[in-house]
Amino acid sequence: MIKLDSILKGINEKDEKSWTQLYTACYASLCTYVESIVYDMDNAKDIVQNLFVSIWNSDLYFRSTSELLSYMYKSLYHNSLLFMRNKKTRENLLTKMKQEEMVNVEYHDDFTLGMVREEIIRLLYLHIEDLPRMRRRIIELSINGFSGKEIAEKLGISVNTVKVQKNRSIKYLRDCLLNSKNEYNV
Amino acid sequence: MRKDGKHIINLLLKSWGDVLSRKEKEELETLLEDPVWARLNADLLDDNFFMNHLREYKKYDVSGELVQFWNQVQVRKRHQTKRHVLWYCLGGAVACLIIFLGIGYMFEIFDYKVEQTVNKITSVYSGVSQDKIRLVLDDSDVINLTDNIKSDKLVAEGVVVRTEFQSLDYSCVSRDDLGDSLIYHTLIIPQGEIFKMILSDSTRIVLNGGTKIKYPVFFTGLKREVYIDGEAYFDVKKDKERPFIVSGTNFSVEVLGTSFNVMTYGEEMESNVTLVSGRIKMHAADTTLQVYPGQQVVLARDHEIIVRKVDVSSVISWLNLRLTFKKEKLATIMRKLSRWYKVDVVYKEPSVKEALYSGTIPYNISLEELFVLLNKTTNIEFTLNDGVIFINEKEE
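See below:
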């Protein structure tokens, strides 16, 4: 699993390999997070891509990975709300006054809740590559939308085995998360 | 009340492992009194919720978006660190022109018809030394091509060494010579040489130093497959019925007709495939990727696969007898140079290995000339002693 800590230096120095790892580790979860606010996949993709581009082009320096992640979530939340507000403005001709109100947005529960959900799932997700081969195949097929029966046929095992292994795999992922160092349990 | 996400994640993870302190336990209980948070906690412990959420992730094409990202930032990239020293550089436009002319020229001369007045090599060499270009025949006999390249010769039925172009030509092999069996030859290029070949289907390959390629003398069957360890540039003859497959140790490239560069030296940490034109499919680990012109697929030893946009002209610069680097580690650059100049490298100060450099080196200058250039333009000192390069940081 990619340890963001080990690539923090590379991220700050705009090293391409580190950025590729950061992108791979976070892109999908950040999009899913934004989508839960803007309810639109294409706009979610744009908002997340713009964030990565703007960080790359900035001189921001992050002292820790949690600082980086927190910056990303805050920016995305902020930009998502701005996007929704602008959309609404276009639709309802709202006044400029109200837009400015949004700029001073409070980071309330809504924000923290979404971030907590996305980060825990992202961390679990990244541990999938640590699963033993067979379990990994089962989980990946399942994520790709195959039913228990289809997976059993594909791998030549019983439906019950698939079910048991799937449950054990998810438990394994939780154990991995508890027992390995990450951005939040330092 | 403003809540700290980092702290809450920490609390939740600890509660799963049942390692909360009494104070933390109270904090969590207070938090979970809020139904919104109680719901989230329950969701996170629910396997179905987790799996459904991951299916959301799969909607996003991460590697495709990553390519878009690099395209967007490459244009305005301005964070070149101060360690990038320009070694030796020709103007960009001129360099490109030379490269593309170079390739065109190289393949144009391939089109000459083979002269029929060739002498057959009668003696077969075994135990040919490793610094010669060697051709291993199906029956394990080894032919020394380096010493046989002084005039055009027939090295096997229908196989011709072409002196003029430093190449081996299989395009005259006919099926009648072989029957139905698939006979393989292996060509081994020593460090510091470049050699060209034309396969029986007229596919052209340029092989870089330190490369080994195994291929059938005549392609039969439904696919055309060759095996490679090293670096080569392929210009594949179009044949929709029979895909052309290049196999490396941990990947294969499937082609219908196109040109691309493969780099898969056993000693390198990664293999890469760069597409110049056309379309290829790349199979590695459990995945298959479509690759587009200008893209490079990088396969790391740990099976990590990266697709990135590259400057194709610099990847294939070795074809044009020049070596170009873009923000590469000194250690990688020196491995390339040692393949070309057949020397070993010793670092007196290992920390310099990680430093990044960009620049272009002509293939045709001597090692001594190169060092004069490098010592002038970098903060690194190169000394050559008995076939070994010593690398040290310059003292201020």
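Going line by line, the protein sequences match chains R and B. Take the numbering used here: the last position of the first sequence gets the number 186, and nothing is skipped along the way. Take the numbering used here: the last position of the second sequence gets the number 582, and nothing is skipped along the way. Glycine included, each C-beta is placed from N, C-alpha and C at the ideal position.
Using the C-alpha atoms, what's the distance from residue j back to residue i?
| i | j | result |
| --- | --- | --- |
| Ala44/R | Phe511/B | 36 Å |
| Gln482/B | Lys495/B | 6 Å |
| Gly452/B | Asp415/B | 7 Å |
| Val34/R | Ser80/R | 7 Å |
| Pro376/B | Ile121/R | 51 Å |
| Lys163/R | Val53/R | 41 Å |
| Leu178/R | Ala224/B | 20 Å |
| Thr389/B | Thr397/B | 18 Å |
| Leu559/B | Asn565/B | 12 Å |
| Asp472/B | Tyr478/B | 20 Å |
| Thr444/B | Lys87/R | 46 Å |
| Asp175/R | Ile519/B | 42 Å |
| Trp256/B | Ser315/B | 46 Å |
| Lys513/B | Gly545/B | 9 Å |
| Asn196/B | Leu226/B | 15 Å |
| Val448/B | Ser457/B | 8 Å |
| Cys358/B | Phe404/B | 10 Å |
| Ile431/B | Ile547/B | 32 Å |
| Leu331/B | Ile577/B | 35 Å |
| Ser499/B | Asp190/B | 50 Å |
| Ser552/B | Asp572/B | 15 Å |
| Val105/R | Lys154/R | A caution first: Val105/R carries a pLDDT of 44, below 50, which makes its placement in the model too unreliable to give a value. |
| Val441/B | Gly434/B | 14 Å |
| Lys181/R | Ile138/R | 26 Å |
| Gly156/R | Arg241/B | 23 Å |
Would residue i count as contacting chain B if we go by Cβ distances under 8 Å?
| i | result |
| --- | --- |
| Asn104/R | With a pLDDT of 42 at Asn104/R, under the threshold of 50, the modelled position of this residue cannot be trusted, and the question is left open. |
| Ile121/R | yes |
| Met41/R | yes |
| Gly156/R | no |
| Phe146/R | no |
| Ile143/R | yes |
| Asn86/R | no |
| Thr161/R | no |
| Leu126/R | no |
| Lys45/R | yes |
Does the beta carbon of residue i sit closer than 8 Å to a beta carbon anywhere in chain R?
| i | result |
| --- | --- |
| Leu368/B | no |
| Gln476/B | no |
| Val259/B | yes |
| Tyr543/B | no |
| Asp333/B | no |
| Glu242/B | yes |
| Asp237/B | Note that residue 237/B is Met in the sequence shown here, rather than Asp. So yes, Met237/B belongs to the interface. |
| Tyr419/B | no |
| Lys245/B | yes |
| Glu251/B | yes |
| Lys230/B | A small correction: the amino acid at residue 230/B is Leu; Lys does not occupy that position in the sequence shown. Leu230/B counts as touching chain R. |
| Val328/B | no |
With a cut-off of 8 Å on the beta carbons, I'd call residue i and residue j a contact; round off their distance for me.
| i | j | result |
| --- | --- | --- |
| Ile502/B | Val462/B | 7 Å |
| Val439/B | Tyr419/B | That belief does not hold up - the Cβ atoms of Val439/B and Tyr419/B are roughly 13 Å apart, past 8 Å. |
| Ile47/R | Phe83/R | 6 Å |
| Asn394/B | Glu417/B | 4 Å |
| Lys192/B | Ser75/R | Contact flag wrong, Cβ pair sits at about 16 Å. |
| Arg135/R | Tyr172/R | 7 Å |
| Leu252/B | Thr20/R | 7 Å |
| Gly114/R | Ser36/R | 6 Å |
Which first and last residues belong to the beta strand (DSSP E) in which residue i is found?
| i | result |
| --- | --- |
| Ala541/B | Note, Ala541/B: premise wrong, no beta strand (DSSP E); not H, not E. |
| Ile466/B | Ile466 to Ala470 |
| Tyr33/R | First-last for Tyr33/R: Glu16 to Val38, but that is the alpha helix (DSSP H), not the beta strand (DSSP E). |
| Met449/B | Ser445 to Thr450 |
| Val345/B | Val345 to Arg348 |
| Ile431/B | Phe430 to Ser433 |
| Pro402/B | Thr397 to Pro402 |
| Arg494/B | Ile491 to Lys495 |
| Asn330/B | Val328 to Asn330 |
Assuming residue i is part of the alpha helix (DSSP H), what are its boundary residues?
| i | result |
| --- | --- |
| Phe235/B | Asp233 to Tyr243 |
| Gly191/B | Gly191 to Trp202 |
| Asp425/B | Counting along the chain, Asp425/B falls outside any alpha helix (DSSP H), and DSSP gives it neither H nor E. |
Answer with yes or no whether the minimum CB distance from residue i to chain D is below 8 Å.
| i | result |
| --- | --- |
| Arg117/R | Here chain D cannot be found, since the structure's protein chains are R and B. |
Next on the checklist: If the cut-off is 8 Å on Cβ atoms, which residues from the region 552-566 of chain B count as contacting chain R, listed in chain order?
Outcome noted: Within the region 552-566 of chain B, no residue qualifies.
Item to check | Residues from the region 485-497 of chain B in contact with chain R, defined by Cβ distance under 8 Å | outcome: Ile492 and Arg494
Item to check | Contacting positions in the region 209-223 of chain B - beta carbon closer than 9 Å to chain R | outcome: Asp220, Val222 and Trp223
Item to check | Against chain B: residues of the region 163-175 of chain R by CB proximity under 8 Å | outcome: Lys166, Asn167, Ile170 and Arg174
Checklist entry - Of all the residues that make up the region 62-87 of chain R, which are near chain B by a beta-carbon distance shorter than 9 Å? => result Ser66, Leu69, Ser70 and Tyr73
Item to check | Residues in the region 193-210 of chain B having any Cβ partner in chain R nearer than 9 Å | outcome: His193, Ile194, Ile195, Asn196, Leu198, Leu199, Lys200, Trp202, Gly203 and Val205
Checklist entry - Which residues, in order along the region 3-29 of chain R, keep a beta-carbon less than 7 Å from a beta-carbon of chain B? => result Glu13, Lys14, Thr20, Tyr23, Thr24, Tyr27, Ala28 and Ser29
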